[in-house]
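Student: Take this structure, written in C-alpha cells, and hold onto it; I'll ask about it next.
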Amino acid sequence: MNATAVLAPPRRPAHPARTPAAAARPLARSVTYTRLLHLVIVNAVPAVLIFVTGGFPSAMVATALCLLAAGLVPAMRTVEGVQARLLFVRGEGAGHVGERASAGWGDRLRLVVWLEVRLVLGLGVSMLCVWLPTLTEVSWGGGVPSALRFLPPARDWWAWLSPLPLLALYGVIVGAGALMARLAVPLLGPSRAERVAALEARTEELLERTRLARELHDSIGHALTVAVLQAGAARAAGDAAFTERALGAIEETGRAALEDLERVLGVLREPESAARGRPGLDQSERLFASARGAGAEVAVRVEGALDAVPGPVSREAYRMTQEALTNVLRHAGPVRVDVLFRVEGGVLTLDFGNPLPADAPPFPGGGTGIRGLRERAGVLGGTATAGAEGGAWHVRVRLPLGEAAR
C-alpha cells in the first residue's frame, strides 16, 4: 500500500448538478452493478444454510456465526479488501482500503462488523429487488403474491403510481452501494499501526530526498564553482601555461563531480548502498587541491587522530568541508583559507576562516549552503555557526563522536 495513500484522506468527487441526467448517471456506471453484485452475492451463504438448518431464522443465526468466524481469520481481510476496492469510482478512494491481513484484534473486529453489515444490507436489497418490481405488477392489475396479501385490492388509478416502486428500487441499489463504499474506508482501511508505519516510511523517504539534495548541492555546486572561477581566471590571465593548468583543474573537478553524480544515482537505484563509496575526512586532500587549483591558498592544521572519527561523522564532515570551501570561493574568491580539524574530548571540531575582502566577486547564491551545514550537523547532534569576526569570516562545526557511535 502506498504510504501517501494511507496518510491522505480519501478524495471525494464534486457533486454534479441536481438534474435528471445527473440522477440517472449511475445507470451508465459499471461500478453500480459491481456494488449490486457485491451486495447480493453474500446471500449465497444463508441460501445454502436454509437447506441445512431447515428454517430461515436458524439459517440467519448460522450465517451470522459463520461470518463472525470468518472475520477472525487474518487472510479474510485481504480477500474483502480486494473486493471492496472494486466498489469505488476511479480516483474516489480505493487506495485507502487495505489489502493486508489482519494484524490485531482491532482489525478483526472491524472486519466482523463489515461482514455483518454486508449481510444485512445484502438481504435487504435482495428482498426489495423482489418486492418492489412486484408492486409495479400489482399496480397494473396483476396477481398479488402471498407475500403481499396485506395490500388492498388494486385500483384503476394505481397504474399512475407504477413507476414509483422502480424508482425506489433504483434509489435503494444506488444508495446501498454508495453506503458500502463509504463504510469500506473506516472498516477495511489502515489501522492506527499501519498509519504510523506509513508515516514513518514517508518520513524516511523525505529525509532521504533531503539528504540526496544536499549531496548534489555540495558536490556538484563545489565543482561548478571551481570550474567557473578557473575559467574566469584563465580568461583574465592571458597566459598559455596558466590556462593549461586551469583547464586541467577544470577537467579534474568535472571528473570528480561525475563520480559523485554516479554515486548519488547509484543510491537511487540501490538505497542500501547509500553509505558505500562516500568519501570521508581521509580524502579531504582532494578538496584542498581543488580549492588551490581555483587560486585559493589553503592552510590545513590537524589536531588529534582523525582515524578515531566514526564513519558517519567522517562522511558528513567531508561534505561540510566541501561546502565551506565552496562558500569561500563563491563569496570571497581565491583568498587564503585557514582550516582546522580537531578531535578532542569526544568532539570533532571543524573551523574554516578567511578574510573578507572589500572587492569580493559577486556570485549568486540561494543561502542553502549554511542551512545545509546546520542540517547536517543537527542530524548528528552537533552545531554549525557562521559569521564575521574581526574582518574575517568563520564557519565552525562541532560534531559529537559518540552520537554516531551509539
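Residue numbering for the sequence shown follows the numbering used here, beginning at 1 and increasing consecutively.
Every residue, glycine too, gets a C-beta built ideally from N, C-alpha and C.
Bear in mind the structure is a predicted one, so any value in this text is a computation, not a measurement.
1) Report yes if the C-beta distance between residue 325 and residue 288 is below 9 Å; otherwise report no.
2) Is it buried or exposed for residue 107, if we count other Cβ within 10 angstroms and need 16 for buried?
3) By Cβ distance below 6 Å, which residues in the same chain neighbour residue 394 in space, the five residues on each side in sequence not counted?
4) Are the Cβ atoms of residue 118 and residue 49 separated by less than 9 Å?
5) Would you give the residue range spanned by the beta strand (DSSP E) that residue 299 belongs to?
6) Can you have a look at residue 408 and say buried or exposed, based on whether 16 or more other CB atoms are within 10 angstroms of its CB?
7) Tell me which residues share the same chain as residue 102 and place their Cβ nearer than 7 Å to its Cβ, disregarding the 5 neighbours each side in the sequence.
8) For the beta strand (DSSP E) that residue 355 lies in, which residues bound it at each end?
9) Taking 8 Å as the cut-off, does the region 368 to 379 touch the region 316 to 334 (at least 3 CB pairs, one atom from each stretch)?
10) Contact between the region 192 to 204 and the region 46 to 64: three or more CB pairs below 8 Å?
11) Determine the burial state of residue 391: buried for a count of at least 16 other Cβ atoms within 10 Å of its Cβ, exposed for fewer.
12) Using 9 Å as the threshold, is the C-beta distance between residue 350 and residue 397 below it?
13) CB-CB under 6 Å to residue 336, same chain, minus the five flanking residues each way: which ones, in chain order?
14) Quick one, are the C-beta atoms of residue 189 and residue 104 less than 9 Å apart?
15) Report all residues from its chain with a CB closer than 7 Å to the CB of residue 174; omit the five preceding and five following residues, and keep chain order.
16) Residues in its own chain within less than 6 Å of residue 306 by CB, not counting five upstream and five downstream?
17) Are residue 355 and residue 332 closer than 9 Å when you measure CB to CB?
18) Using a Cβ-Cβ cut-off of 7 Å (strictly less than) and excluding sequence neighbours within five positions of residue 284, which residues of its own chain qualify?
19) So residue 249 and residue 294 are in contact, right, with Cβ under 8 Å, and what is the actual spacing, rounded?
20) Which of the three DSSP states, helix, strand or coil, is assigned to residue 251?
21) Could you give the distance in angstroms between the alpha-carbon of residue 85 and the alpha-carbon of residue 61?
22) Apart from the five residues on each side of it in sequence, which residues of its chain come closer than 6 Å, Cβ to Cβ, to residue 362?
23) Assign residue 166 to one of two classes, buried (16 or more other C-beta atoms within 10 Å of its C-beta) or exposed (fewer than that).
24) Kindly indicate which three-state DSSP category residue 177 falls into: helix, strand or coil?
25) Only counting the same chain, and skipping five residues up and downstream in sequence, which positions put a Cβ closer than 6 Å to that of residue 344?
26) Using the three-state DSSP reduction, which class does residue 341 fall into: helix, strand or coil?
27) Buried or exposed, going by whether 16 or more other CB atoms sit within 10 Å of the CB of residue 80?
28) Leaving aside the five residues before and after residue 147 along the sequence, list all residues of the same chain whose C-beta is less than 6 Å from its C-beta, in chain order.
29) The alpha helix (DSSP H) with residue 75 in it runs from where to where?
30) Drop a sphere of 10 angstroms on the beta-carbon of residue 51, count the other beta-carbons inside from all chains shown, and report buried for 16 or more, exposed for fewer.
31) Looking only at its chain, what residues have a beta carbon closer than 8 Å to the beta carbon of residue 169, apart from the 5 residues adjacent to it on each side?
32) In terms of residue numbering, what span does the alpha helix (DSSP H) encompassing residue 395 cover?
33) Pick helix, strand or coil for residue 294, following the three-state DSSP scheme.
34) Under a three-way DSSP split, which group does residue 246 fall into?
35) Checking the sheet assignment: what are the DSSP bridge partners for residue 389?
Tutor: Concretely, from the data shown:
1) yes
2) By the neighbour-count rule (16 or more Cβ atoms within 10 Å), residue 107 is buried.
3) 353
4) No, Cβ-Cβ distance for residue 118 and residue 49 is not below 9 Å.
5) 297 to 303
6) The structure shown has nothing for residue 408, since the chain only spans 1 to 406.
7) 74, 77, 108 and 111
8) 347 to 355
9) yes
10) no
11) exposed
12) yes
13) 297
14) no
15) 26 and 32
16) 281, listed in sequence order.
17) yes
18) 318 and 321
19) 7 Å
20) Residue 251 falls in the helix class under three-state DSSP.
21) 28 Å
22) Reliability of the predicted coordinates at residue 362 is poor, the pLDDT of 48 falling under 50, and the value obtained from them is presented with this limitation in mind. Correct list: empty, nothing qualifies.
23) exposed
24) helix
25) Once the five neighbours on either side are set aside, the close Cβ partners of residue 344 are 304.
26) strand
27) The residue in question, residue 80, is buried, as its Cβ has 16 or more Cβ neighbours within 10 Å.
28) Confidence is the limiting factor: at residue 147 the pLDDT is only 49, short of 50, which leaves the residue's position unreliable and the question unanswerable from this model.
29) 74 to 84
30) Exposed, since its Cβ has fewer than 16 Cβ neighbours within 10 Å.
31) 128, 129, 132 and 133
32) Unbroken run through residue 395 is the beta strand (DSSP E), 392 to 400; no alpha helix (DSSP H).
33) coil
34) helix
35) 392
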